[in-house]
Structure formats: C-alpha cells, structure tokens
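Here the sequence shown stands for residues -19 to 311, where the numbers follow my numbering.
Below is one structure, written out as structure tokens, with a few remarks after it.
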Amino acid sequence: MYTSFDETRLEKIVRLLKSHKFEFLSGEQLSRSLNLSRAAVWKYIKKLQSLGYKIQTRQNLGYKLLAKPELLLPWEVADGLQTEIFGRKIYYFDTIDSTQSFALRLASKPYENGSIVIAERQTRGKGRLNRRWISPKGGIWLSILLKPDFEVSYVSLFPIITSLALAKAIEKVLKLKPRLKWPNDVTLNNKKVAGILIEASIETNKIDYLIIGVGMNFRIQPKMVSRLLKNSENFYGITTLVGKNKESDPVELLQKFLYELEQLYRKILSGNLKEIRNEWIKKSSTIGKNVTISTPTGLVKGKAVSIDENGALLLSRKGKIRCLLVGDVSH
Ligand code: BTN
-19 MYTSFDETRL EKIVRLLKSH KFEFLSGEQL SRSLNLSRAA VWKYIKKLQS
31 LGYKIQTRQN LGYKLLAKPE LLLPWEVADG LQTEIFGRKI YYFDTIDSTQ
81 SFALRLASKP YENGSIVIAE RQTRGKGRLN RRWISPKGGI WLSILLKPDF
131 EVSYVSLFPI ITSLALAKAI EKVLKLKPRL KWPNDVTLNN KKVAGILIEA
181 SIETNKIDYL IIGVGMNFRI QPKMVSRLLK NSENFYGITT LVGKNKESDP
231 VELLQKFLYE LEQLYRKILS GNLKEIRNEW IKKSSTIGKN VTISTPTGLV
281 KGKAVSIDEN GALLLSRKGK IRCLLVGDVS H
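Written out as structure tokens, the structure reads:
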C-alpha cells in the first residue's frame, strides 16, 4: 500500500523530476533538495523505475523523467487535485479484495472524512444488490469515505450526484457524451461504463458514515469482462471509456471527477437541490421512457416522468404517480 501522506520523498523526487522535464537533474541536486545521501536517492529512483516511471540515468549528468506509468499512484492523484475534502488522504493499492471493505475499516477512525481508497485491481469487487463487480487492471476502482452531518433522507442523493459528477468529468476530459441510467449507471451507447455503490451507516436518523464506491471501466477489455457477466441479472452490456491503444491519463479523469463531485456535494450542503435535479434530468436516458423496474418487492411498470429532489424516480401509470427509491431499470 502507498498513501499520499507517507510517501513524501517519492512524491518530492517525482515533482522535482517533473519540473526539470527537458534536462537532467543531478544526483547531487536531488540529494541536497531531499536531504538524503546519493545512495538513498538512487534507491528511490530504482523504486520509481520499478513502479513504471521511465527515468533516464546518465553518469555525470543525473536523471531525467521520460514518462510516468498509467497508474493512479497517490502522489500523482494528489498533484493538482482541486478539492478540499475529497482526497485529503489517499490510500492506494495495486491489488486489494475491495476498496469498499478497506474504506469500511477506516470509517471507525478519526480524521478520515474525505479519504479515498484506490486500487488498480480488485479480487472481490462488490456491485449493487450483492452482485460481483469485475475489476481488472485498467479500470478506476475507488471508494470515498464521508462523514456528513445531515439527515438520512439525503442518502438517496448520493447516487445522483456521483453519476452526474462522473458524466461531467467524462464529458470534459474525454470529450464523450455519456448518459445517466437511473439510479446510478453511467452509459455510453447504451452500455455501462461506470457503476456506483453507496453504503451507509445510519444512527437515529443521522448519517454516521457513507461510502461511495465508484467503478469506471477506463481502459478494460469489454469482451473479456462481458463474458464473465453475461449470465448476471440485469446485464445490458458494458463498454470501455478508452480504447486499447488510445493515449489517455486516468489520473486526469479521476481528479476531474473528484472536483465535480465535491462541487455537487457542496450544493447538497447548501440545500441547492433543484439545480442538481435539473442537471441530472438533462443527462438522463431514463426520463421520458416506458420502463420496467425490478424492485425488492417485484416488477413495476410505467413511464419515468422525473426524479424528485431526493433522487427518487417518479413513475406514472394509469394517471397515478409512484415514487421509487431503489430498483433496476430496463428501458
Ligand atoms: C454497480 O453494481 O453498478 C456498482 C459497482 C461499484 C463498483 C465499485 S469499484 C470500487 C468500489 N469497490 C467495490 O468493491 N465496489 C465499488
């Protein structure tokens, strides 16, 4: 595991190398700036190379950074992150069972509001309704821990703001036009590119903590993942945000997503729910369609007419409006 707060030396070396993009940085200079021996600097350079950083080394000249790996390393995510709450602390794993389970363990500790847990790969990724979530390398798998000070009725807004933030970030960074499928899927060409799992602990009508789990199929092989999921309930196809050989930085997408999410979270805090609702509806592929919703108590059919300010879906059938908080939609 790496974190954004322990690996200050690695972070500093990367920052120094980045600020000398077109020239060599001498071992002497690095060791002076970091207050480390030359041998220790060399050890850190080796470590970075083993993580996938392409660093050219030249005797008498020093080191030059040629390329960084396509990984969500915590110091890379922290570098340029424009948020105040989300990502204050970043925990990073190459492989973990589930970022959600790790975040759950953090929940009982102090000073973890806004912490995020990222993994390159999950071995037991959790989906909604106890489904499994296939999480190979190439995806963006993360959990955000929040300890918000508001009432339980707000919980249903989190799938809404998270999916909206995802869509906005994908649009801005990748120039794609994703759509939102109620309650919390993000789709491209009617196939799923991202999913959200919200887990909350409630105490006497107050939210104790809330974990926002986000899975983005950033650069995955849809065929391989689809093969594993084909027989699951409500599977409607998945796709990848970025193709195999296209250059794109997952760090930039993640940073933008966290920024957009924090902006929307602030809107909840200030009670600006109408704007969230309107923005979500504009991007939704569910509203206006005749849908069948599979709910814990059975199938419900109707026309999806809107969502209310808590994110509940409003279904119209035979002149009556029904309000649904959970369910799986088939369009
Ligand atoms: C869904 O079923 O659509 C929700 C999928 C949520 C997956 C993410 S990946 C990161 C986090 N850790 C998990 O184990 N699940 C969530």
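Backbone N, C-alpha and C define an ideal beta-carbon position, used for all residues, glycine too.
Compare the C-alpha of residue i against each of the options and name the closest.
{"i": "LYS324", "options": "TYR134, GLN235, GLY118 and ALA284", "result": "In the structure as shown, the chain starts at -19 and stops at 311, and residue 324 therefore has no counterpart that could be examined."}
{"i": "GLY268", "options": "GLU213, LEU293 and ARG12", "result": "LEU293"}
{"i": "ILE218", "options": "ALA174, LYS161, LEU51 and GLN102", "result": "ALA174"}
{"i": "ARG38", "options": "TRP22, PRO49, ASN290 and ALA47", "result": "TRP22"}
{"i": "ASN185", "options": "PRO128, TRP113 and GLY7", "result": "PRO128"}
{"i": "PRO49", "options": "PRO90, SER30, LEU14 and LEU241", "result": "SER30"}
{"i": "LEU253", "options": "ILE141, LYS(-2) and ILE65", "result": "ILE141"}
{"i": "VAL205", "options": "GLY193, GLN243, PRO54 and LYS172", "result": "LYS172"}
{"i": "ASP59", "options": "GLY105, ILE76, THR(-12) and ALA99", "result": "THR(-12)"}
{"i": "HIS312", "options": "LYS298, LYS300, ASP288 and ALA284", "result": "Residue 312 lies beyond the stretch modelled for the chain, which goes from -19 to 311, so this question has no answer here."}
{"i": "GLU183", "options": "VAL132, LEU144 and GLY307", "result": "VAL132"}
Any heavy atom of the ligand BTN inside 8 Å of the beta-carbon of residue i?
{"i": "TRP121", "result": "yes"}
{"i": "TRP22", "result": "no"}
{"i": "LEU144", "result": "no"}
{"i": "GLY67", "result": "no"}
{"i": "ASN164", "result": "yes"}
{"i": "ARG159", "result": "no"}
{"i": "VAL194", "result": "yes"}
{"i": "ILE273", "result": "no"}
{"i": "ILE176", "result": "yes"}
{"i": "SER78", "result": "yes"}
{"i": "LYS171", "result": "no"}
{"i": "GLN102", "result": "yes"}
{"i": "SER250", "result": "no"}
Would you kindly check if the distance between the Cβ of residue j and the Cβ of residue i is under 9 Å?
{"i": "ILE70", "j": "SER95", "result": "yes"}
{"i": "LEU45", "j": "VAL(-6)", "result": "yes"}
{"i": "SER265", "j": "LYS155", "result": "no"}
{"i": "TYR72", "j": "VAL57", "result": "yes"}
{"i": "PHE4", "j": "GLY42", "result": "yes"}
{"i": "GLY228", "j": "ARG199", "result": "The sequence given here places Ser at residue 228; Gly does not occur at that position. Yes."}
{"i": "SER136", "j": "ASN290", "result": "yes"}
{"i": "ALA149", "j": "LYS236", "result": "yes"}
{"i": "ILE256", "j": "LYS247", "result": "yes"}
{"i": "LEU86", "j": "GLU92", "result": "yes"}
Contact check, residue i vs residue j under 8 Å by CB: the rounded distance?
{"i": "LEU177", "j": "GLY67", "result": "Contact doesn't hold; Cβ gap of about 19 Å is too wide."}
{"i": "ILE25", "j": "LEU125", "result": "About 33 Å separates the two Cβ atoms, so there is no contact after all."}
{"i": "ASN110", "j": "PRO139", "result": "Wrong, their Cβ atoms sit about 17 Å apart, outside the cutoff."}
{"i": "ILE114", "j": "LEU234", "result": "Wrong, their Cβ atoms sit about 19 Å apart, outside the cutoff."}
Could you name the residues that DSSP lists as bridge partners for residue i?
{"i": "THR103", "result": "Bridge partners of THR103: none, in fact."}
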